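Structure, as structure tokens:
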Amino acid sequence: MRIKPLSSAVANQIAAGEVIENPASVVKELLENALDAKANSIAIEIGFGGLNQIKISDNGAGIIADDLPLAIAPHATSKLTQLADLSTLTSMGFRGEALASIASISRLTLSSKPAAQDHAMMLQIDGAAVELSPCARSQGTTVDVRDLFYNAPVRRRFLKTERSEYIAIEHIVKRFALSAPMIAMTLRHNGKQVFELPAATDEYSLRLRIKKLLGKEFIDHAIALDVERAGMRLNGWISDPVYHRSQNDKQWIYLNQRMVKDKLIHHALKQAYEGRLYPGRHFACLLYLSIPTAEVDVNVHPTKHEVRFQEPRLVHDFIGSQIAEALLHSSPPEEQNDRVIAGDSETTQHSEHESPGCYLPHPIRSHNDEISATRAETMASSMIVRENYIPRPQFAALSTSIPTIPWFILNNQFGLLTWNGQPYLLDIPRAQHQHYLFIIEQQARPLLSRPLLVPIHIDHSIDDGHYLQQLLAPFGLHLEFKSSRISIRTIPICMPQLNVKLLLQQVMATRPEETELPAIFAACQLSDATQLSADEKNALGDFIVQQLQVTPQRYCLRLDVEQCRNLMNV
Ligand code: ADP
Ligand code: MG
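Numbering that gives the first Met the number 0 numbers the first residue of the sequence shown as 0 and each following residue consecutively.
Right under this line is the structure:
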């Protein structure tokens, strides 16, 4: 048999197997392209588990008409021109392989309109037939992939059922939605909407997105962390040891916005949880690691799950020590005191004698292995970080004298409560206002704060930044000023739903005295009762009852027969 070069069509189909394993990998590639195109809104439509159709539309930069044929040519990319660019790469794609591969194994339509182009153009590819024609659409790109693997029957045979392929797609979409919270997303399957995620522009909406995607339990048991060291940053949430799972299916780790399944990172995390979970149980996490692009090589595999670090040991130590530190501070207070001392780099080696972890009778980790200078340094730095780190709010602590009573939230305005055998109708926002006021006034200054995962930026020129800083620091708000921008880096723990922008506007407009601030803080809460966690709901219920015992409240209406008659008009 003579040797012949493969036609580019066949070569592409074979290469496609590397990048496109199943419908979910098509979705992943297309979502990454939309992200690279700086879209802030993406709509995903899936037909029959992706086997019939995968249609992804974005409002990003678009592709100019002349470049449309190039977009589906192999090894054609706008993201990389020379090998050296790899070290400074910030885009998701760079191989120029995805669209070419997808086009070779499906019927693909690519329509796009860049802002500067008058009208949109559409490229239709069906086997060797390629057709370019004008079409109507607003700015952005739509990639419509139909009949995936129609010309690759062997690959099609390896596909799973519609349901399994769809589940894999949903997983990819969730994973992407968590990596790019600023992008609004919708997902539809077989014409039905599966979820709609508005852009998460602040801490509150970010938590809502996470709650939608990972569940309420995850967010209720999440310990927030945000730490920086030697150009690396680790932020996100890890589960406290009370919440553990039978599978490692809720471990979401992103490196420079890319989802990774990296052995080194997993090892560091596992080690930090050692002794805190029963054997065979798994923690949950949503973590974002940022490392200068020159220090990490993402070019290991086309699906890019694995990475190679320039200094793996430094990365491992940084992650391990920061996670251990965060877990340490999630322990009950009496345990914390012991542990804080043990976290010191000088005393670390004696930590085997510490009190046990939450569940298992042995230490969090044995430190007598390979403690390097780097480790000691990292541990020492974490002591500085610890001062900024505070676990999630402990609402229940406010009401220890009365047992928690059940009450009902009818909607974000009304609630029902029975106390002393009497039913009460509640005006929840007013009750919440009083509750916040009580919390703020009762707590010592400075209020405990926690770092924001996404700092809030407000564009506002300010000439008395120092005054604002001084005024708000006792309330747990850490502000920074750069030219005409205010950055808010921490918020008070006891006010997780603070509308910081509104607060700053009010403070700048009224220049209040410190004594007037609690009322302003209480008024600037984004209170949606339907979103309260169980702890928050209990604490609010207990507060209301506590107040009822002292004096009738304006926000509680006792439902006696007379009131009921009035309400029902009878
Ligand atoms: P890569 O992303 O590795 O560059 P792809 O085959 O995924 O390769 O895409 C090829 C090129 O097509 C990209 O470099 C980009 O210029 C363009 N492109 C693909 N999808 C989009 C999109 N949604 N919006 C704008 N440009 C896109
Ligand atoms: Mg790409």
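Every residue, glycine too, gets a C-beta built ideally from N, C-alpha and C. These numbers were taken from a predicted model, which means no experiment stands behind them.
Cβ of residue i within 8 angstroms of any heavy atom in the ligand ADP?
i: D35; result: yes
i: V76; result: Checking the displayed sequence, the identity of residue 76 turns out to be Thr instead of Val. Yes; taking the cut-off as 8 angstroms, the Cβ of T76 has a heavy atom of the ligand ADP nearer than that.
i: D66; result: yes
i: S111; result: yes
i: V142; result: yes
i: I62; result: yes
Where DSSP assigns a beta bridge to residue i, which residues make up the other side?
i: Y435; result: Answer is none; Y435 lacks a bridge partner.
i: E479; result: S486
i: R553; result: BP columns for R553 are empty, so no partner.
i: N234; result: D225, Y287
i: P422; result: T417
i: A183; result: S40
i: D458; result: R484
i: I53; result: I45, V144
i: Q123; result: T108, E130
i: M258; result: Y253
i: L327; result: Partner(s): none; L327 has no beta bridge.
i: H281; result: R244
i: F194; result: L186
i: I408; result: G414
Under a Cβ-count criterion, where at least 16 other Cβ atoms within 10 Å of its own Cβ denotes burial, should residue i be classed as buried or exposed?
i: M567; result: exposed
i: F474; result: buried
i: I318; result: buried
i: G126; result: exposed
i: K27; result: buried
i: E604; result: Absent from the model: residue 604. The displayed extent of the chain is 0 to 569, so no value can be given.
i: T200; result: exposed
i: G139; result: buried
i: Y272; result: buried
i: L143; result: A quick correction: the sequence has Asp, not Leu, at residue 143. Burial call: buried.
i: D117; result: exposed
i: P291; result: exposed
i: T346; result: Low confidence applies here, because T346 scores a pLDDT of 30, under 50, leaving its location unreliable; read the following figure in that light. So T346 counts as exposed.
i: V549; result: exposed
i: T529; result: exposed
Comparing the CB of residue i with every heavy atom of the ligand MG, is any distance shorter than 8 angstroms?
i: M494; result: no
i: N32; result: yes
i: L98; result: yes
i: E28; result: yes
i: M91; result: yes
Can you give me the Cβ contacts of residue i inside the same chain, cut-off strictly under 6 angstroms, excluding the 5 residues immediately before and after it?
i: Y47; result: Sequence check: residue 47 is Phe here, not Tyr. So the qualifying residues of the chain are E161.
i: L556; result: L424
i: C134; result: S110, A119, M121
i: S24; result: none
i: L286; result: G235, I252
i: T185; result: A42, E195
DSSP state of residue i, grouped into three classes?
i: A115; result: coil
i: C523; result: coil
i: E310; result: coil
i: Y253; result: strand
i: E96; result: coil
i: G59; result: coil
i: H188; result: strand
i: I45; result: strand
i: H266; result: helix
i: P22; result: helix
i: E273; result: coil
i: G139; result: strand
i: F474; result: helix
i: I543; result: helix
i: R155; result: helix
i: P517; result: helix
i: S448; result: strand
i: D534; result: helix
Given residue i, which residues of its chain have a CB within under 8 angstroms of its CB, disregarding the five upstream and five downstream residues?
i: V544; result: I401, I404, L416, W418
i: S245; result: G279, R280, H281
i: I490; result: E202, S448, R449, L451, G475, L476, L497, V499
i: S483; result: D458, H459, S460, I461
i: H170; result: A23
In chain order, what residues of the same chain lie with their CB nearer than 7 angstroms to the CB of residue i, ignoring the 5 residues before and after it?
i: A60; result: A36, K37, P113
i: A183; result: N39, S40, L196, P197, A198
i: L558; result: P422, Y423, L424
i: S178; result: Y253, Q256, M258
i: D296; result: V306, R307
i: A325; result: I222, L224, I237, Y388
i: R570; result: Here the chain has residues from 0 to 569 only, and residue 570 is not among them.
Answer yes or no: does any C-beta atom of chain B fall closer than 9 angstroms to that of residue i?
i: E515; result: Protein chain content of the structure displayed is limited to a single chain, and chain B is not contained in it.
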